[in-house]
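For reference, the structure discussed in these notes is given below.
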Amino acid sequence: QDPLEVQFQLDTKALDLKAPALHKCCENGFGFDIETRQCIPVPDNENQVDPRLDPSFLSFFDYVDYDYPEINFQLHADPHLPTCTDREDLEYFGNAQNNHQQGQYAIDDKNLTGSHFILMDATTSMTYEEFCVEQAFFQGLFDGTAAVFCQTKLEFECENRTCINFCCPFQQVFKGSECWEPSGSNLVPLPIFKDDGITETERRRSDFKFLPERPPSGCKYFKYEDFIMLETGEARVYKVDYGLDKYCVEREEIYDNQTGTYSYPFMIVVCQPEDASSKGFLRYVDILDFTIIPTLFVISLIFLALLFIHVYRRNRQKLFGVMTLCLISMLFFFYLLLIIGKIFASLRDYEGLCVLLALLLQYSYLSAIFWLNAMGFDIWTTFRQMKTLPDPSHATGWKHKKFKWYALYSWGAPILVVVVTIAMQYSPMADDTHVVYPGIGKMRCFLDSGWPSVFYLHIIILPLLILNVLFFISSTWNLCCGIWADNSGDPMLRAQNKTKYTTVVKMFFAMGLTWIAEQVSFLLETIYHPSEVKYVTTVFKIINSLQGFTMFCVIYFDAKNIEKISKILNESLRGHASASGGIGRAKNGPDEEMIELKDAPKSPRFEME
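In structure tokens, the structure reads:
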């Protein structure tokens, strides 16, 4: 039996009463002051002891369905406050909706469990003899009806029961990073507990003591889903055990747009370890995800900006150069959005902004892949055949007649994918369990991990990369064994197109390999526990995060540029050439990805289509 469904089992003998016989705490004309915990004289008014059930409280803990607002009870003639021992404190719980009662209770007047009892904070059960009820007052004002009882002090309470720190007050849950009243009602009262053998245990709720609103203090903390609650009350996160003062657990409200329902999975909030070597993988993940990876994103962003300037200066007048600029722009936008997502993690609290960020990330990365595919197609058409070049004064760059079609494909196709994603994100087909929904905002401001990322991103990228491979194979055949194998045609034109071909191939590997690295990392963390493959996946994550730097290197550092840089460095070290002379020679060299044709000899001109 699921421990969450186990109801309280009391050892007391069932009482043969038609209604609970409750004790009144104070004499007539007196009420219970919740500040001093004493009986004080109160004005004569119409407020009477009136224990009321709180349906929201009971449904919150899934205990039993009470659908009646009041209970039937009798009052003993001998009012008195409970007498507490040195190990106990006088505490109270209320049933009024106000700001001063520190908890809620319900009294079973229908004998549903075989004994009349009071239910405190969903874990404490008492017979009618162990508590009293009284009008409660706060600063002289009526504050509902309180149930007063003796509670074992915390230092002794946790000796006999497992204490669990909850991050929020009772009846509240995480909404983002703050505690709020839940929007739904299907909350689970306890996380699943496991014994030392890591098997689920069946324990009564009365075996646990909930400590509300006790987040870790004096430390930087963060949330994780993957954790184990041990019977000892410790929490295990990535093979590291955390004591009661180092963690708290809480439900996090997640809204499913497809079903229109709320779910409340448990999260754990733990103190960030100060020493990576002593706390292991948790600290390792924190450093990697929140320090190293964002830094690499910034590096990629900087090098993409430098690459854009380089290509713009050298090749903005060429169709191939403009296409390269479009690809770089999309990657730049993608990494900029990633950095925004890392810096403003609270965006997840705002559904609209979170979904917008996810869709822009999806669009920018897909657009970059589509531009790469368009460039591969352009190379393939270039090497199919030759024809005489049109007049040199014809439109070039973004005015080229082909550019509008490439732009329509590379910017338009991702829009269609995004539209489908939006439609599925807010689709009313909630009952179809065979449909994979994007799941944006469930755990991050992007497509949910697993199948959503596969269906709405990777399954689109894979055929594009395969198509590029086919383009390159065909172009290589034409270059080595086809119409270009005999070195016919204008040598300058041949050199230009070979350089274009080489550039696209290098860009394909720069983007394709990083995508493959991401998939390998995802598969490894799915098959194995992340802590077991952390070093391998870290390498892949670093490769993926440095895509902008990789793109800069493969485009800028071609053989000619490397040779010139090496020559300049050697001359500088030897001191045989002046800096101005070396720089002058560097500037005059043919260091473009695509060789300028304006100085080419007046030989017959050809173009490949």
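Under this note's numbering, think of the first position of the sequence shown as 59, with each following residue one higher.
Ideal Cβ positions, reconstructed from N, Cα and C, are used throughout, including at glycine.
| Asked | Found |
| --- | --- |
| Within the chosen definition, does the stretch 467-476 reach the stretch 595-611 through at least 3 CB pairs nearer than 8 Å? | no |
| Between the stretch 381-395 and the stretch 603-616, are three or more C-beta pairs nearer than 8 Å? | yes |
| Going by Cα to Cα distance, which pick from M569, L571, V594, T561 is closest to D616? | T561 |
| State the Cα-Cα distance for the pair H138 and R294, rounded to the nearest angstrom. | 45 Å |
| So which of L269, R309, F232, C237 has the shortest CA-CA distance to C221? | L269 |
| Looking at the structure shown, is K82 part of a helix, part of a strand, or coil, going by DSSP? | strand |
| Would you be able to state if there are at least three C-beta pairs under 8 Å between the stretch 207-220 and the stretch 312-329? | no |
| Compare the Cα-Cα distances from L377 to each of G455, R145, A465 and report the closest residue. | G455 |
| Can you tell me whether V727 is helix, strand or coil according to DSSP? | Outside the shown range of the chain, which is 59 to 667, sits residue 727, and nothing can be said about it. |
| Which class does E188 belong to by DSSP, given the choice of helix, strand or coil? | helix |
| Pairs of beta-carbons, one from the stretch 396-408 and one from the stretch 426-440, closer than 8 Å: are there three or more? | no |
| With DSSP run on the structure shown, which of helix, strand or coil describes D147? | strand |
| Which residue wins for smallest C-alpha separation from V512, given the options K564, V563, Q577, K500? | Q577 |
| Give a yes or no on whether the C-beta atoms belonging to L362 and L389 are separated by under 7 Å. | yes |
| Between R502 and chain D, is there a C-beta pair that is closer than 7 Å? | Absent from the structure: chain D. Only one protein chain is present. |
| Please say whether G89 and Q193 have beta carbons closer to each other than 7 Å? | yes |
| For V493 and E621, what's the separation of their Cα atoms in angstroms? | 55 Å |
| Tell me which same chain residues have a C-beta within less than 7 Å of the C-beta of K669, skipping the five on either side of it? | Residue 669 lies beyond the range of the chain shown here (59 to 667); nothing can be said about it. |
| Helix, strand or coil for P227? Go by DSSP, reduced to three states. | coil |
| Under three-state DSSP, which class holds P472? | helix |
| Ends of the beta strand (DSSP E) at A204? | 199-210 |
| When the distance is taken between beta carbons, is V298 closer than 7 Å to C225? | no |
| Where does Y408 fall in DSSP's three states? | coil |
| Could you give the C-beta distance for C208 and E146, rounded to a whole number, given that I count them as a contact under 8 Å? | 4 Å |
| DSSP on Q96, reduced to helix/strand/coil? | strand |
| If you draw a straight line from the C-alpha of T596 to the C-alpha of E188, how long is it? | 58 Å |
| Per DSSP, what kind of secondary structure is D112 in: helix, strand or coil? | Bear in mind that the predicted position of D112 carries a pLDDT of just 38, short of 50, making it unreliable; the figure below should be weighed with that in mind. Correct three-state label for D112: coil. |
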